[in-house]
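K.L.:
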Amino acid sequence: MNAATAEASMKKEFILTIEDLTVSFDGFKAVDGLNLYVDKNELRVVIGPNGAGKTTVLDLICGKTKATAGSIQFKGKELTKLAEHEIVRAGVGRKFQTPSIYENLTVFQNLEISFPRGRGVFGCLTFRRTPDVVERVQQIAEEIQLQDHLEMDAALLSHGQKQWLEIGMLLMQDPELLMLDEPVAGMSVKEREQTAALLNRICKGRSVIVIEHDMEFVKSIAHKVTVLHQGKILAEGSMESVQANEKVIEVYLGH
Amino acid sequence: MNTFYTRWLGGRQGSMGIAILALLIFAIMPMWLDIFRLNLVGKYLTYAFAAVSLVMVWGYGGVLSLGQGVFFGLGGYCMAMFLKLEASDLTSTAHQTTPGIPDFMDWNQITQLPLFWEPFHSLTFTIIAIFVVPAIFAYIIGAAMFKRRVGGVYFSIITQAIASILTILIVGQQGYTGGINGITDLKTIHGWNINSSSAKYILYYFNGALLIGVIMVCRYVLSSKLGRLLLAMRDKEDRVRFSGYDVSNFKIFTFCLGAMISAIGGAMFTLQVGFMSPSFVGIVPSIEMVIFAAVGGRMSLIGAVFGTLLVNYGKTAFSESFPALWLFLMGALFIAVVMFFPNGLAGLYEQYGSRLAKLWQPLVRRFSKAPAAVVPPPADTPPSPPPVVRKLADKPVAAEPLPEEALRTRRPA
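Those sequence lines, one after another, are chains P and C. In terms of my numbering, the first sequence opens at residue 11 and continues consecutively. In terms of my numbering, the second sequence opens at residue 2 and continues consecutively.
1) Would DSSP call N194/C helix, strand or coil?
2) Three or more C-beta pairs closer than 8 Å, one from the region 304–320 of chain C and one from the region 101–117 of chain C: is that the case here?
3) What number of angstroms, rounded off, separates the C-alpha of M17/C from the C-alpha of A23/C?
4) Below 7 Å on C-beta distance, what does L137/P contact in chain C?
5) Quick check on the burial criterion: 16 or more other C-beta atoms within 10 angstroms. Buried or exposed for L175/P?
6) Would you say P126/P reaches chain C, if we count a Cβ-Cβ gap shorter than 8 Å as a contact?
7) Name, in chain order, the residues that DSSP records as bridge partners for Q83/P.
8) Would G101/P and P193/P be called neighbours here (beta carbons separated by less than 8 Å)?
9) Within 10 angstroms of its Cβ, does E226/P collect 16 or more other Cβ (buried), or is it exposed?
10) S263/C and G76/C: beta carbons closer than 8 Å?
11) Write down every uninterrupted run of the beta strand (DSSP E) in the region 82–164 of chain P whose length is 3 residues or greater and which is fully enclosed by it, in chain order.
12) Below 7 Å CB to CB, which residues in the same chain sit around L272/C once its five sequence neighbours on both sides are set aside?
13) What does the alpha-carbon distance come out to for the pair I159/C and P286/C?
14) So K50/P packs on I25/P, CB below 8 Å; how close in whole Å?
15) Going along chain P in order, which residues have a C-beta closer than 9 Å to the C-beta of F251/C?
16) If the cut is a Cβ gap below 7 Å, which residues of chain P does Y246/C touch?
17) Within 8 Å (strictly less), CB to CB, does V389/C reach chain P?
18) Cα-Cα, which of F38/P, S34/P, L31/P and Y47/P is closest to L247/P?
19) Write down the C-beta distance between V117/P and L180/P rounded to the nearest angstrom, noting that I regard them as a contact closer than 8 Å.
20) Closer than 8 Å, CB to CB, is D90/C near chain P or not?
21) Could you give the distance in angstroms between the alpha-carbon of T136/P and the alpha-carbon of R129/P?
22) Going by DSSP in three states, E246/P sits in which element: helix, strand or coil?
23) Just checking, does the region 288–303 of chain C make contact with the region 330–341 of chain C on the three C-beta pairs under 8 Å criterion?
24) State yes or no: is the beta carbon of L204/C nearer than 8 Å to at least one beta carbon in chain D?
25) Which same chain residues end up closer than 7 Å to L34/C when comparing Cβ atoms and leaving out the 5 residues on each side of it in sequence?
26) Please classify V261/P as buried or exposed, where buried requires at least 16 neighbouring CB atoms within 10 angstroms.
27) Tell me which residues share the same chain as I166/C and place their Cβ nearer than 8 Å to its Cβ, disregarding the 5 neighbours each side in the sequence.
28) Out of G74/C, A305/C and G214/C, state which residue places its alpha-carbon closest to the alpha-carbon of A347/C.
29) Residues of the region 180–204 of chain P with a CB closer than 9 Å to any CB of chain C: list them in chain order, please.
30) According to DSSP, is F35/P helix, strand or coil?
31) Give the DSSP-derived three-state secondary structure of T202/P in the structure shown.
32) What's the call for R242/C, buried or exposed, on a 16-neighbour Cβ count within 10 Å?
33) Measuring CA to CA, which of T205/P, L188/P and L187/P is closest to A195/P?
34) Report all residues from its chain with a CB closer than 8 Å to the CB of F319/C; omit the five preceding and five following residues, and keep chain order.
35) Work out the CA separation of V248/C and R220/C for me, nearest whole Å.
36) Under 8 Å between C-beta atoms, does F256/C make it to chain P?
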């Protein structure tokens, strides 16, 4: 009894609790009995060789892929049973690997669509661009340094700016858990630095999970690193301890 | 007022399109054509409802429905059932075995009015049914498919199958539906003869007004956030889903809206042509409606109306002399439009319209007495604020103008 309440109170500290999570595609276990705990206000980086199941884990959390077994609890709410849009409304935001923005809308419209109000059919029909919407869009646009491009078609942005725009669209939702899949892929060195600074700013007040390959970038942002390999956790801890881990070295050099 | 101008009429360009269409429907056509031809145009304009609905469902919603004839037919049949009941009063059906029921029922040995016909004695019920019956039907189809994420070509095939099934059902249940002949000999609404010349004029104008009303409603929907979401969904459906929207609901809404618009067209068809039959429900008419929208431009509400008029004019002109060739010609027309003018008439207007305007301008300048008015005076405008601030400030906070023409230019051809 006492132990159970102690465990329950321990669980409460985590914003995200993943237990025994398994997904198999025709017998192939992309994620295999995974346990992962993310703290409030933590910035967690997930690394691992290709095919380790990193993106699949994010897909499972945000509902894009349905789990075969196991549970994902976000603030005590079971996510595996919710539809994608319900998971988003619960406070989980997800950025895709390739910039996923609406190219035929302007930057302003891209951000505005992500504003968490009027998400039903009739809410959309009666949605008004009130001053608070405009103010929030301006504020986020400044955060992602696109304040001078608000009326530009999103298709005309550079690759790096598109990545920022998608991060900005997530920030509009003000999620408590933000998941970013390779946010600096294809960025220049300067853009990487700016993105690291951006992530370090926005992780205040929310938890962030980042998948990344670039070790320099990981060092500059990570609170804690999780190494995935063949759908299982290989190591977890600070960047230094993970880099010194022999199993991790073997997996990375072996590939 | 400003909201009305920017959102219902579609701003300067949009209201111009509506004005030209209104001029054509309300002034030029009635002055130019006799009542027989005008009634024919009225019939074409009822097809335009279906074409407009396809602009919404196919052009903006991104799902090609090959079953708009179903909804056109449902609207038409609802109207026809009311008219038929009024035409089948006891005195005019006294010679039947069972007086007081529609003649085709009597021929099919039915001795009592079927239960589902009863409420169509009421005009109010009929008008409600014209909207509600197709909407419910579209909701069932839409929910069944979009919730399961059926889309693309599968959606098209299923809607086509539904069109086929409904035709077979109507033809097969002759005693309840009038079978292959449809519901004919329609005469009056509350004693008002719909076949008189004056009634034909009135119905023609009423139809035109409804069509323009429908276009304005569509403009309003497209200028709301829902319109932007539809565009966003066509581009990156997953991003919309992972921004907290239930994507299927928006597709269902658009499909239901399209169904209701088609149904209005069907009801007006019955009123103006005086009968309704399964030949306006099935696969062929449904595909013809797609061709109307494609020729007009599937992203243009006004274009769809012009596309309908043009194709039907061609149909009438050609099928009088080469009836057998018409279907082939229409097929060729569809292929040609898809291959060479993917944006239809509206796309051509977009491409060459500005050149025409340039040719036109010197003439205007020569004949107008105040040429200075053409060029805006640059001197006394106030200093402009930085571009972003100005653009945001220019717009009414309550609404954002998003004329379809502006959206079309953003789309690569």
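Every residue, glycine too, gets a C-beta built ideally from N, C-alpha and C.
P.N.:
Per the coordinate set shown:
1) As a working mapping, residue 194/C is identified with position 193 in the second sequence. If DSSP states are grouped into helix, strand and coil, N194/C belongs with the strands.
2) no
3) By one-based count along the second sequence, residue 17/C stands at place 16. By one-based count along the second sequence, residue 23/C stands at place 22. Taking the straight line from one Cα to the other gives about 10 Å.
4) For the purposes of this step, residue 137/P is taken as residue 127 along the first sequence, with counting starting at 1. The displayed chain sequence assigns Phe, not Leu, to residue 137/P. Within chain C, the residues near F137/P are S225 and K226.
5) Sequence index remark: in the first sequence, residue 175/P carries index 165 (1-based). By the 10 Å Cβ count, L175/P comes out buried.
6) Counting from 1 along the first sequence, the entry for residue 126/P is found at position 116. For P126/P, the answer is yes, since a Cβ of chain C falls inside 8 Å of its Cβ.
7) Here residue 83/P refers to the residue found at position 73 when the first sequence is read from its first residue. Partner(s): T27/P and E88/P.
8) Taking the first sequence and counting its residues from 1, the one referred to as residue 101/P is at position 91. Taking the first sequence and counting its residues from 1, the one referred to as residue 193/P is at position 183. No, the Cβ-Cβ distance between G101/P and P193/P is not below 8 Å.
9) As a first step, residue 226/P must be located in the first sequence, where it is residue number 216. Exposed: under 16 other Cβ atoms inside 10 Å.
10) Position 262 of the second sequence, counted from the start, is the residue given in the question as residue 263/C. Position 75 of the second sequence, counted from the start, is the residue given in the question as residue 76/C. Cβ distance < 8 Å, so S263/C and G76/C count as in contact.
11) Correct list: 102–105.
12) On the second sequence, position 271 is the one that residue 272/C refers to. So the list reads M80, I195 and L204, once near-sequence residues are dropped.
13) Position 158 of the second sequence, counted from the first residue, corresponds to residue 159/C. Position 285 of the second sequence, counted from the first residue, corresponds to residue 286/C. Those two C-alpha atoms are separated by around 16 Å.
14) For the purposes of this step, residue 50/P is taken as residue 40 along the first sequence, with counting starting at 1. For the purposes of this step, residue 25/P is taken as residue 15 along the first sequence, with counting starting at 1. With a Cβ gap of about 5 Å, K50/P and I25/P count as contacting.
15) Within the second sequence, residue 251/C is the residue found at index 250, counting from 1. The contacting residues are V131 and C134.
16) On the second sequence, position 245 is the one that residue 246/C refers to. In chain order: H95 and R129.
17) Taking the first residue of the second sequence as 1, we reach residue 389/C at position 388. Only weak support exists for where V389/C lies, its pLDDT of 43 falling under 50; the value from the coordinates is given anyway. So yes, V389/C belongs to the interface.
18) Residue numbering aside, residue 247/P sits at position 237 when the first sequence is read from its first letter. Rather than Leu, the amino acid found at residue 247/P in this sequence is Gly. The shortest C-alpha separation from G247/P is found at Y47/P.
19) By 1-based counting over the first sequence, the position of residue 117/P is 107. By 1-based counting over the first sequence, the position of residue 180/P is 170. That belief does not hold up - the Cβ atoms of V117/P and L180/P are roughly 15 Å apart, past 8 Å.
20) Reading the second sequence from its first residue, position 89 is the one you call residue 90/C. Not an interface residue.
21) To locate residue 136/P, count along the first sequence from 1; it is residue 126. To locate residue 129/P, count along the first sequence from 1; it is residue 119. Near 10 Å, if we compare the C-alpha coordinates of R129/P and T136/P.
22) Numbered from its first residue, the first sequence carries residue 246/P at position 236. It is a strand residue.
23) Between the region 288–303 of chain C and the region 330–341 of chain C, the count of C-beta pairs closer than 8 Å reaches three or more; the two stretches touch.
24) The chain labelled as chain D is not found among the protein chains of the depicted structure, namely P and C.
25) The sequence position of residue 34/C within the second sequence is 33, counting from 1. Same-chain partners within the cutoff: V42.
26) Here the question's residue 261/P lines up with position 251 in the first sequence. When all chains shown are included, V261/P counts as buried.
27) As a working note, residue 166/C is residue 165 in the second sequence. Here the set comprises nothing.
28) By 1-based counting over the second sequence, the position of residue 347/C is 346. Residue A305/C is the option with its Cα nearest to A347/C.
29) Cβ contacts with chain C: L180, M182 and Q183.
30) The count along the first sequence starts at 1 and reaches residue 35/P at position 25. In the structure shown, F35/P sits in a strand (DSSP, three-state: E or B).
31) Here residue 202/P corresponds to residue number 192 of the first sequence, with the count starting at 1. With the sequence shown as reference, residue 202/P is identified as Arg, and Thr is not the correct amino acid for it. Three-state result, R202/P: helix.
32) What you label residue 242/C is simply residue 241 of the second sequence in a count that begins at 1. R242/C should be labelled buried.
33) Numbered from 1 along the first sequence, position 185 holds the residue referred to as residue 195/P. The option with the nearest alpha carbon to A195/P is T205/P.
34) Residue numbering aside, residue 319/C sits at position 318 when the second sequence is read from its first letter. For F319/C, where only same-chain residues beyond five positions count, the Cβ hits under 8 Å are L326, W327 and L330.
35) Working through the second sequence from its first residue, we reach residue 220/C at position 219. Working through the second sequence from its first residue, we reach residue 248/C at position 247. Using only the alpha carbons, I get a separation of about 21 Å.
36) The sequence position of residue 256/C within the second sequence is 255, counting from 1. Not one chain P Cβ lies under 8 Å of F256/C.
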